[in-house]
Structure formats: structure tokens, C-alpha cells
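Step one of this worksheet: look at the structure below.
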Amino acid sequence: MKNREKFRPVYHHTPAYGWMNDPNGLFYKDGVWNLYYQHNPYGSTWENMTWGHATSTDLCHWKFEGEAIEPDALGTIFSGSAVVDKDNTAGFGPGAVVAYYTSAGKAQTQSMAVSTDNGMTFTKYADNPVLTSDIPDFRDPHVIWYPQGQKWILIVSEKQHMKLFSSKNLKDWTFESDFGEGYGSHAGVWECPDLLDMGGGHWILVCNINPGGPFGGSATQYFTGSFDGHKFICDSDPSVTKWMDWGKDHYATVTFNNAPNGRHVALPWMSNWQYAAQVPTKQYRSANGIARDLGYFEYKGTGYCSVKPSQEILDAFSKKPQASLTPACRVDVQLRGNSVITLSNGKGESVTMTYNAKEEKFSMDRTKSGMTDFSTDFPALTTAPTYGKIKTLQIFIDKSSIEAFDANGKMAMTNIVFPSEPYTKLTVKGGKAKIYNLKR
Ligand code: FRU
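Under mature numbering (1 follows the signal peptide of the UniProt record, and there is no 0), residues 116 to 555 are what the sequence shown spells out, in order.
Rendered as C-alpha cells:
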């Protein structure tokens, strides 16, 4: 079907119809990336939470596969994760896909569902729920394999803490530890966790938080530290808060299970709870950001999460530069120092990006980007530390989003925009830009 909608992105995932928030149950198997998502199949505001399903072989073109997990007597289906049980630890068969989600009914409890056809259909586990709590905010279970201990680890958010459990069979879970008291930002509820082994003894605990983001509303904080199979120990001062992305539209970010070559491929929901229901799209709401590979780096003795556009996304663009901007393109800017990059259209709408080399700061101003008055929280200037100098800035432009990355992974900024006409003009002061179009 041809994409004729004004704001529907070209190379970002969107639901064909209805509301979407968090990515759920991300896993890779046999060459296919599976993305489930918080979906309202019946309308474009948050309700009737169901896991919609889409698949892709290149992280760029997505095919809707229908609704995968639907509400039942335990409640609607909130966020969660999925694992590929290669060694049949659960006894559902080698390669079964086991999904964990929150049943949101009178209480929030954790349930599971099993697929033996590569995630196309799921059967709910007869003994659901598998985890309960007395705390009302108890959700978003994320399961990983911990090879060092030959066991599974489940991390789940409970109000403003993370609880860790372990299991040998994916069904019976033993409480291991609690993380969070006094660490990082507690300005909102902790949601959608992930736990990543970055190698060399370094671990990253992903903790999405709403509200409390650096520019208001929802955002992704993370902690660096160690994990011994029982307990996560943060290696930073408790007062330190680290952010994975410095835009306003990066939330509920988690990674794919079983990604090739041990990669940590993450996908954000590209919106913000402050205004997600007010954005000027009609039949559908929200897109996912581009896939990004997460890594670990240190700057001045402190550990951080690096964020780079996934190779699959880079491969989707032409190798040869083009003469002018299109509504869906990538701009690489070789920076020589301070720089000002402006995207604009014939309606006087513009987005200005500023790089201050000395202060090691990058910012994006969308206050004049187009339609901004649907929410007073929308107009914004977002600013990021760059932890060193940026040499190459990669800017991904789609019909309603701008994502800027330091090609070395030390800065990521994701912002949505709603220009009344596409930006057609690019000006760069202090740098050399090349424009790449989408291949198809
Ligand atoms: C995060 C979140 C999750 C919850 C889901 C409900 O955006 O609030 O904590 O599971 O959305 O749709």
C-alpha cells in the first residue's frame, strides 16, 4: 500500500491502525526480527491493551502479523519480553518462544504465553500468573539467559525499584534481589527494565522512567555496574542519573532477545507520555525510533551506554550522496568544531541543531518545527553532553522525526516533529554535509 499519510514515517515502524506505545517481546530468530507492541486495535488512544505483532528481515520494512496476545480474565496485556528457549529448558520444545507480560486486571501480575510457531501464535500458560506482588505498580517483566549460571533472570519493575528473580525452567521463579533505593532518578515510576551484559564485567540496567525525563515526561535512564547472577551493583555515585537518549521522544526502550553475534539491538517507542495522545496523526498514533546497537564506553573514568544506529538501518540508504533533502533521508555532517545545522521549509518552519565543541554539547530546537501547539509540553530545546568531540554526526530524517547520533555512539537524540510541509532546505555552518536517500 502506498504511504499517502502526511506524517506516517517511511522507514520507521508504525501500527497500520490504532494506538501504539511500548515495544514488547522483541526477539530475533531464523533471520526474522519480531516486534510486539502495546496496541489498541480499536482506536488511536490508549485502551484495550493487546500485543500487536510485526516482523522484519531488515529492521526497516515491517509487516503487520495481526494481534498476538489478547486480553483475558486476568486483565489487559501490558508490556513484557520474550525469549527463544533453544535448549528446551521449559519443556515446550527446542526453540519455543516464551513471552512474559503483565496481566493488568485488579492487580498487576506477571503471566506467560508460549509459541511453537516462531511467535506467530501464542498459547497462554495454564498456571498464570507466575508472579504476584502486593504493590500496585508491578510490571514489564524482562527475561534474559545468564549463561555463567545456566539460568534465566527476570527483572521486573515495582513502583520505583527493580526486582530480580531466577529460574532454571522459565516457570518457577526465585526472588534474588532488589535494586533502586536511593539510586538515580525517582521523579517518576520505574518501568520497562532490561539487563545487558556488555562484556568485560560491565553490565547495564535499563530503567525507563515516567515522568522525570531530562526535558519533562518519559525518558530512559540506565545504571552501569556489575551483576553476579544474584545482585546488580551500581558502580556510580547514587546521585548520578544517566540518560540513554537526550531527546524528548525515546521511551520504553528495551532490546531484542537472541540477536545475532551477541548484539544488543534496542528499539524505542518514539513519543512521550506528556503528549502522545495529542500528536496530530489520526488513524494511528506513534512510531518506533530506528533500531540502535547499544555498547559500553568510558569517559573520564565513568562508564556510559553507547548508542549507534544499527547497521541494517545504515544499509537502507544509498551509498552515493544526493543533491537535496527528501522527506525520508539521512544527513551525515563532518564537524570541524562549532556548527549550526538548520532544516527548513517554505513555510518558515525549521529545526536548528547546534554543536558547541568546547562545551561538548549538542542541542536540537524544535520550537519552530511546524505544528507544536497541540500540547504546551511539545515545543522544546533538548541538549546533550557529547562526552568528547563529535567528528561525524548522523541525522536520520523521516516524515515526522529527527534522530541525531554521534557516529561513535556517545550521543543520541530522538525528537518527533510535525512540519506542515517537508523540510526541503539544509544549511550547515561549520561542517560538511552529505545527504543519502533511502534505497527503496
Ligand atoms: C510504559 C507503560 C508500561 C505498561 C504499559 C501499558 O509506557 O506504562 O509500564 O506496561 O505502558 O501500556
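Even for Gly, the Cβ is constructed at its ideal location relative to N, Cα and C. Fair warning: this is a prediction, and the values are worked out from it, not measured in the lab.
The three-state reading of DSSP puts GLY328 in coil, since its state is none of H, G, I, E or B. Linking ASP293 to GLY524 through their CA atoms gives a straight-line distance of about 30 Å. In the three-state DSSP reduction, ASN453 falls in the strand class (E or B).
LEU429: member of the alpha helix (DSSP H) spanning 426-429, first to last residue. In this structure, VAL448 sits away from ALA406, with a CB-CB distance that is not shorter than 7 Å. Under the three-state reduction of DSSP output, GLY146 falls in the coil class, being neither helix nor strand.
In this chain, VAL532 is not harboured by any beta strand (DSSP E), its DSSP state being neither H nor E. Comparing C-alpha distances from TRP177 to each of GLN153, ALA131, PRO209 shows the shortest one belongs to ALA131. Within the same chain, Cβ atoms closer than 8 Å to the Cβ of PRO395 are found at PHE122, MET486, PHE489, PHE533, the five residues on either side in sequence being excluded. Between GLY195 and ASP255 the beta-carbon gap is near 6 Å, inside 8 Å, which marks them as a contact. Going by DSSP, ILE550 is part of the beta strand (DSSP E) stretching over 540-552.
With distances taken between CA atoms, LEU409 lies nearest to LEU320 out of LEU320, ALA438, VAL455.
Residue burial annotation: LEU496 is exposed, with fewer than 16 other C-beta atoms found within 10 angstroms of its C-beta. Leaving aside the five residues that flank ASP492 on each side, the residues in its chain whose CB is nearer than 7 Å to its CB run, in chain order, GLY331, GLY332, GLN389, TYR390. For GLU180, the enclosing beta strand (DSSP E) begins and ends at 178-184. Judged by pairs of C-beta atoms under 8 Å, the region 343-354 does not touch the region 231-238, as fewer than three such pairs exist.
In this structure, ASN373 places its C-beta atom within 7 Å of the C-beta atom of TYR143.
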